[in-house]
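Heads up, the thing below is written out as structure tokens.
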Amino acid sequence: GENVEQHPSTLSVQEGDSAVIKCTYSDSASNYFPWYKQELGKRPQLIIDIRSNVGEKKDQRIAVTLNKTAKHFSLHITETQPEDSAVYFCAAYSGAGSYQLTFGKGTKLSVIP
Amino acid sequence: DAEITQSPRHKITETGRQVTLACHQTWNHNNMFWYRQDLGHGLRLIHYSYGVQDTNKGEVSDGYSVSRSNTEDLPLTLESAASSQTSVYFCASSNTGLASEQYFGPGTRLTVT
Numbered sequence: 023g024e025n026v027e028q029h030p031s032t033l034s035v036q037e038g039d040s041a042v043i044k045c046t047y048s049d050s051a052s053n054y055f056p057w058y059k060q061e062l063g064k065r066p067q068l069i070i071d072i073r074s075n076v077g078e079k080k081d082q083r084i085a086v087t088l089n090k091t092a093k094h095f096s097l098h099i100t101e102t103q104p105e106d107s108a109v110y111f112c113a114a115y116s117g118a119g120s121y122q123l124t125f126g127k128g129t130k131l132s133v134i135p
Numbered sequence: 002d003a004e005i006t007q008s009p010r011h012k013i014t015e016t017g018r019q020v021t022l023a024c025h026q027t028w029n030h031n032n033m034f035w036y037r038q039d040l041g042h043g044l045r046l047i048h049y050s051y052g053v054q055d056t057n058k059g060e061v062s063d064g065y066s067v068s069r070s071n072t073e074d075l076p077l078t079l080e081s082a083a084s085s086q087t088s089v090y091f092c093a094s095s096n097t098g099l100a101s102e103q104y105f106g107p108g109t110r111l112t113v114t
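As given, the protein sequences belong to chains A and B, one line each in that order. Counting from 23, one number per residue, gives the positions in the first sequence under our numbering. Counting from 2, one number per residue, gives the positions in the second sequence under our numbering.
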């Protein structure tokens, strides 16, 4: 089955700096990669996703890049703000009739004012 | 507005008792999932269903069961609660189709004493 590794597990940045979270996946058949943000005590919520036929996707201050050859994808947050502080999860979706997501273990991002 | 709800939100039970956690969605989604979230492990899939009468085991299914008698509900039953099942449980649902977003419920915090 799919295996998703996520790094780093914790990340502290100064407000206004950029943050990068990296994930690798094992199943070359995986074709969809969402990122979820979970604030303390809340449910995970989708913030951005990318399909395997696209190399990069951007939405305001957040962007995701995908390297299918190397089987890794990354989340980039620019001009970080205190409200970006949360746990971020990457996930991979195997497709081929499966609707399951395999999640990374999460990255706790702290933005220091 | 369509939503996904879970009940109870908090539950304390004793070792050996049977516990059922409810999940109800009003999106008419075919796909429903149960995850547990533990520190250091991220979100791990317990069981999932792709439609009425369909249920499948996930990564950590031992000690849990589900049933799907209608589209809206996927209750999760702990047959004989164990302290190792103390966790936060999230239900999620998604539409059928490639790269459909999974929407998460608010979570149930279960403590087994």
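Glycine residues also receive a C-beta, built at the ideal position from the N, C-alpha and C atoms. This structure is a prediction, so every number in the text was calculated from the model and none was measured.
- Between Lys127 of chain A and chain B, the shortest Cβ-Cβ separation is below 8 Å.
- Put simply, of B:Gln19, B:Asn32, B:Ala3, B:Arg45 the residue whose alpha carbon is nearest the alpha carbon of Tyr90 of chain B is B:Arg45.
- Straight across, the Cα-Cα distance linking Lys80 of chain A with Ser101 of chain B is about 19 Å.
- Within chain B, no residue has its beta carbon less than 8 Å from that of Phe95 of chain A; the closest one is some 14 Å off.
- No Cβ of chain A is located within less than 8 Å of the beta carbon of Asn29 of chain B.
- For the 8 Å CB-CB criterion, Asn25 of chain A and Tyr115 of chain A do not form a contact.
- When only Cα atoms are considered, Tyr36 of chain B and Pro30 of chain A end up about 22 Å apart.
- Going by beta carbons, Ser95 of chain B and Tyr47 of chain A fall outside the 8 Å limit.
- Taking all protein chains in view, the Cβ of Asn31 of chain B is crowded by 16 or more other Cβ atoms within 10 Å, so the residue is classified as buried.
- Classified as buried, Pro56 of chain A has 16 or more neighbouring CB atoms from the shown chains inside 10 Å of its CB.
- Each residue's CA atom was taken as its position, placing Leu40 of chain B and Leu111 of chain B some 14 Å apart.
- For Ser85 of chain B, there is no enclosing beta strand (DSSP E), as DSSP marks it with neither H nor E.
- Contact annotation: the segment 14–26 of chain B does not touch the segment 56–69 of chain A, with fewer than three C-beta pairs closer than 8 Å.
- Burial is judged here by how many other beta carbons sit within 10 angstroms of a residue's own beta carbon; Ala83 of chain B has fewer than 16 and is exposed.
- According to DSSP, residue pairing for Arg37 of chain B in a beta bridge involves B:Arg45, B:Tyr90.
- His42 of chain B places its beta carbon 8 Å or farther from that of Leu77 of chain B.
- Under a criterion of Cβ atoms nearer than 7 Å, the residues of chain A adjacent to Pro107 of chain B are, in order, Arg65.
- Rounded to the nearest whole angstrom, the CA to CA distance from Glu73 of chain B to Ala92 of chain A is 40 Å.
- Annotation: Lys127 of chain A is outside any beta strand (DSSP E) and is labelled neither H nor E by DSSP.
- Annotation: the continuous beta strand (DSSP E) that includes Leu97 of chain A extends over 94–99.
- For Arg83 of chain A, the CB contacts under 7 Å within the same chain, skipping 5 residues up- and downstream, are Ile99, Thr100, Glu101 in chain order.
- Leu33 of chain A is outside the set of residues whose beta carbon lies under 8 Å from a beta carbon in chain B.
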